[in-house]
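Participant: First to last, the protein sequences are chains A and B.
Heads up: the first sequence is residues 46 to 480, going by our numbering.
Heads up: the second sequence is residues 1031 to 1261, going by our numbering.
Positions of the beta carbon are idealized from the N, C-alpha and C atoms, including for glycine.
Below are the structure tokens for one structure; questions will follow.
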Amino acid sequence: MSKRTVEVELSTSGLDRHGKPQRIPLVTNDGGTAVALEPPPGIEPDLDGEHMLINIGPQHPATHGVLRLVLELDGETVVRCIPHIGYLHCGFEKIGEYRQYNQIICWTDREDYLNSLGNNVAFALGAERLFGIEITERCKVLRVIAAELSRIMSHLVWLGTFCIDIGAFTPFLWAFQRREEIYRLIEKWVGARLTTSATRVGGMAADIPSGWMDGLNRFTHTFPHTLDEIDRVLTKNAIWVGRTVGLGVMNPTEAVNWGLSGPMLRASGVAYDVRKDFPYLDYETYDFDVPVGTSGDVYDRYLVRFEEMRQSVRILIQAAERLPAGPVNIDDPRTILPPKSKATSEMESMIHHFKVVMEGPRPPIGESYVAVESPKGEKGYYMVSDGTSKPVRWRIRPPSFVNLAAIPKMVEGHLLSDVIAINASIDIVMGEIDR
Amino acid sequence: MTPFQVVDTGTGAPGPAPATPRNLPNRGGEANPSAKALQDRFGAAIKRAEVVWGETVVFVDSASVSEVIRWLHDDASQQYDYLSDVTAVEYRDADVPIEVVWHLRSLPFRRFLRVKAELQKGQPLEIDSVYDIYRGADWLERECYDMFGIQFKGHPDLRRILMWESYKEGFPLRKDFPLRGRFSRSEQLRQALAQNPEARYSMEELSIADAFAELPEDMRERLTKGERTGE
């Protein structure tokens, strides 16, 4: 039975000027290295062999959705963890086989509902590779803005709920306040807050309204202050550090072998970011950094996601500067709807409108797998076409699904209360896991 | 311990910086060098290789999948250390075989490879598991089994994952499975109400519960025989 140990050499803050940890309940020997926490003498004898089975979820506020964990406990230490998923299974992939490509975009909103804009972008990119479409420059920049805004939004929800799980309430309010601002921006752009359906195959549902960029600039200039505030409250907070450091450690080899992606993988020290390694939407031309942790624990995952929000702001500023004028949609009546005024006044446009709506655009025979860096990790859409207007197979590669698969490995040997922190650090969205 | 850091590059692979692919052709184009290496190494076990929309697809004989993927993972010139996805494709044409698809990534070389194996219909849908090569294949293979009924030989815990363990309607993503399910709504409701709530716990979980002695006779009997799934 492994006892819980606490790393003393923190990878970053939580240290005072002399490099010693501040007010962190650590057990160390004289050399300053961590030792196993022994229970105080005379408190309670070890109850050997008396294991308890407890059930967390599926309805539990700290499981972030309908996740069910069956835990075998030895005292308060987790011996075994058996996760159960599927309570939210809706058969998205099956339904997608009966829908045209533009109709599937509505379903992508609903899987990872914290990142619906990012999913729309990812699906449109996959479908466009399948169609052989090159989108316009303006559309590319708009999609980068959409993807990075929703990354910030998703990370803010993660940060707020993570704080609640650990016991801090104030950052939750600050995070959700700023998230509301992003929602207002998105509402102005596409008319919806949560289920955006913002993209179309070959373009966007709508161009940004006039004056929208002012709102975005205001956000990108004020948002870093909020981040600084939350940073001051959390990052060097002794309780925060004590509750997160050394938990759920994955080393780099394990993390790659378990297929982790996104902040989970980068916290372990593997600098794999789809935006850098397999770029899309011209991400290679943006100047941004990839934060990488060293110890692969919950605390490093927090630091990585926190830094990612700052990097997203950098990308947003660059995108706002370079946003070119020009059309958003490609000029191809076979895939893009004509303007409504033309569809009701010109014969040709009306026919195109009818064909696109009733028959749907048809890709050539082929298949494509396009992965993007979603806030949770590598999100891939694999589509197979047999030449008809509906895909033969539409597969979502859900990053939270693969990340969650490692939870038994991460929680075993830790305390029951740490299961909540580790689970929150994975940043799961059950809509994406169960699909 | 090195501190938390911010790096501005990816995995640091040698070669030119990657760029967003543009103007990909439907068929043909530059193939992933691993396809050629596989054909040289395995010969007839590699049925064919093609490039679709810039992505290299290698069709592997279904008997040697495990061997091929292990080589891709272990060999120093390939290093496909990251398994993105395991899934399957069934075509609408009933004569076309079911394909099992592995999406592999080599993080050191920044390569992407799609490996496919064909399973003829009418024969048992069995293929080697890659669980012992990539631990991440665990849930992905379970989902593929759950949705398509493909048996992954060598997977230690192949049971349903998204559907419940007592689900008896078959495999939902198969083309012969109707969109609304096999049974009527009333029948589905009847089955749901008739379920034994204890079956929500798998046999493995029940075996560690205190309540083992209070279980129904038949469940205890199945448990002692080593059964792992409920109902």
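Do you know how far the Cα of Glu1217 of chain B is from the Cα of Pro369 of chain A?
Facilitator: Spanning the two alpha carbons is a distance of roughly 57 Å.
Participant: Please decide whether His1185 of chain B counts as near chain C, where near means a Cβ-Cβ distance under 8 Å.
Facilitator: Within the model displayed, chain C is absent; protein chains A and B are what it includes.
Participant: In the structure shown, what three-state DSSP assignment does Ser1114 of chain B receive?
Facilitator: Strand, per DSSP.
Participant: Check whether chain B comes within 8 Å of Ala172 of chain A, counting only Cβ atoms and requiring the distance to be less than that.
Facilitator: By this cut-off, Ala172 of chain A is not an interface position.
Participant: DSSP three-state label for Ile441 of chain A, please.
Facilitator: Residue state, collapsed to three classes: strand.
Participant: Can you tell me whether Pro70 of chain A is buried or exposed, with buried defined as 16 or more other CB within 10 angstroms of its CB?
Facilitator: For Pro70 of chain A, the pLDDT reaches just 43, beneath the cut-off of 50, and the residue's location in the model is therefore unreliable, leaving the point undetermined.
Participant: Return yes when the Cβ of Thr244 of chain A is within less than 8 Å of the Cβ of Val166 of chain A, no when it is not.
Facilitator: Yes, the Cβ-Cβ distance between Val166 of chain A and Thr244 of chain A is below 8 Å.
Participant: Can you tell me where the beta strand (DSSP E) with Asn100 of chain A in it begins and where it stops?
Facilitator: Run containing Asn100 of chain A: His96 to Ile101, per the beta strand (DSSP E) assignment.
Participant: Among A:Glu353, A:Leu361 and A:Ile253, whose alpha-carbon lies nearest the alpha-carbon of Leu204 of chain A?
Facilitator: Selected option, being the one with the closest Cα: A:Glu353.
Participant: For the candidate residues A:Phe214, A:Asp119 and A:Tyr158, whose alpha-carbon lies nearest to that of Ile473 of chain A?
Facilitator: Residue A:Tyr158 is the option with its Cα nearest to Ile473 of chain A.
Participant: What beta strand (DSSP E) runs, 3 residues minimum, are completely inside the region 1046–1124 of chain B?
Facilitator: You should have 1076–1082, 1085–1090 and 1112–1119.
Participant: Can you give me the Cβ contacts of Met1177 of chain B inside the same chain, cut-off strictly under 7 Å, excluding the 5 residues immediately before and after it?
Facilitator: The residues are Phe1201, Pro1202 and Leu1203.
Participant: What are the start and end residues of each continuous beta strand (DSSP E) run of 3 or more residues lying completely inside the region 277–355 of chain A, in chain order?
Facilitator: You should have 335–337.
Participant: How about Glu156 of chain A and Ile441 of chain A: do their beta carbons lie closer than 8 Å?
Facilitator: It is a contact, given that the beta carbons lie within the stated cut-off.
Participant: Which of helix, strand or coil does DSSP assign to Leu1134 of chain B?
Facilitator: Strand at Leu1134 of chain B.
Participant: Which same chain residues end up closer than 8 Å to Leu460 of chain A when comparing Cβ atoms and leaving out the 5 residues on each side of it in sequence?
Facilitator: Contacts found: Arg49, Glu121, Thr122 and Val123.
Participant: So with CB distances below 7 Å, who are the chain A contacts of Tyr1164 of chain B?
Facilitator: Simply Asn302 and Gly304.
Participant: Residues of chain B with CB under 8 Å from His134 of chain A, in chain order?
Facilitator: Here the neighbours are Leu1192 and Met1193.
Participant: Quick check on the burial criterion: 16 or more other C-beta atoms within 10 angstroms. Buried or exposed for Arg68 of chain A?
Facilitator: Low per-residue confidence applies at Arg68 of chain A: pLDDT is 41, beneath 50, and the placement is therefore not dependable, though the value from the model is reported in the following sentence. When all chains shown are included, Arg68 of chain A counts as exposed.
Participant: Using the Cα positions of Asp1105 of chain B and Phe1142 of chain B, report the straight-line distance between them to the nearest angstrom.
Facilitator: The straight-line gap from Cα to Cα measures roughly 16 Å.
Participant: Using the DSSP secondary-structure output, state which residues sit across from Glu1156 of chain B in a beta bridge.
Facilitator: The partner list for Glu1156 of chain B (beta bridge, DSSP) reads B:Gln1181.
Participant: Between Met295 of chain A and Thr339 of chain A, what straight-line distance do the alpha-carbon atoms span, to the nearest angstrom?
Facilitator: Cα-Cα distance, rounded: 10 Å.
Participant: Look at the alpha carbon of Ile410 of chain A and the alpha carbon of Gly177 of chain A, and state the distance between them as a whole number of angstroms.
Facilitator: Their backbone Cα atoms lie some 11 Å apart in a straight line.
Participant: Short of 6 Å in beta carbon distance, which residues of its chain neighbour Asp463 of chain A, apart from the five on each side in sequence? Order them along the chain.
Facilitator: Closer than 6 Å at the Cβ level, and outside the excluded window around Asp463 of chain A, lie Leu292.
Participant: By the 9 Å beta-carbon criterion, what residues does the region 1065–1086 of chain B contribute toward chain A?
Facilitator: If the cut-off is 9 Å between Cβ atoms, the region 1065–1086 of chain B has Val1082, Trp1083, Gly1084 and Glu1085 near chain A.
Participant: For Pro406 of chain A, which option in A:Tyr414, A:His397, A:Glu412 and A:Ser413 has the closest C-alpha, if you only look at C-alpha atoms?
Facilitator: Residue A:His397 is the option with its Cα nearest to Pro406 of chain A.
Participant: Rank A:Asp259, A:Phe399, A:His266 and A:Gly256 by C-alpha distance to the C-alpha of Leu382 of chain A and give the top, closest one.
Facilitator: Ranking the options by Cα distance to Leu382 of chain A, first place goes to A:Phe399.
Participant: Select from A:Met258, A:Trp257 and A:Ala416 the residue whose C-alpha is nearest the C-alpha of Lys321 of chain A.
Facilitator: Comparing Cα positions, the closest option is A:Ala416.
Participant: Using the DSSP secondary-structure output, state which residues sit across from Thr122 of chain A in a beta bridge.
Facilitator: In the DSSP output, where bridge partners are listed per residue, Thr122 of chain A has A:Asp119 and A:Leu460.
Participant: Count the other C-beta atoms from every protein chain shown that fall within 10 angstroms of the C-beta of Glu1251 of chain B, then say buried if there are 16 or more, exposed otherwise.
Facilitator: So Glu1251 of chain B ends up on the exposed side.
Participant: Given that Lys139 of chain A touches chain B, what residues does it touch there, using C-beta distances under 7 Å?
Facilitator: Residues of chain B passing the Cβ test: Pro1202, Leu1203 and Leu1209.
Participant: Any residues in the region 1121–1140 of chain B with a beta carbon nearer than 7 Å to a beta carbon of chain A? Which ones, in chain order?
Facilitator: Listed by position along the chain: Tyr1121, Arg1122, His1133, Leu1137 and Arg1140.
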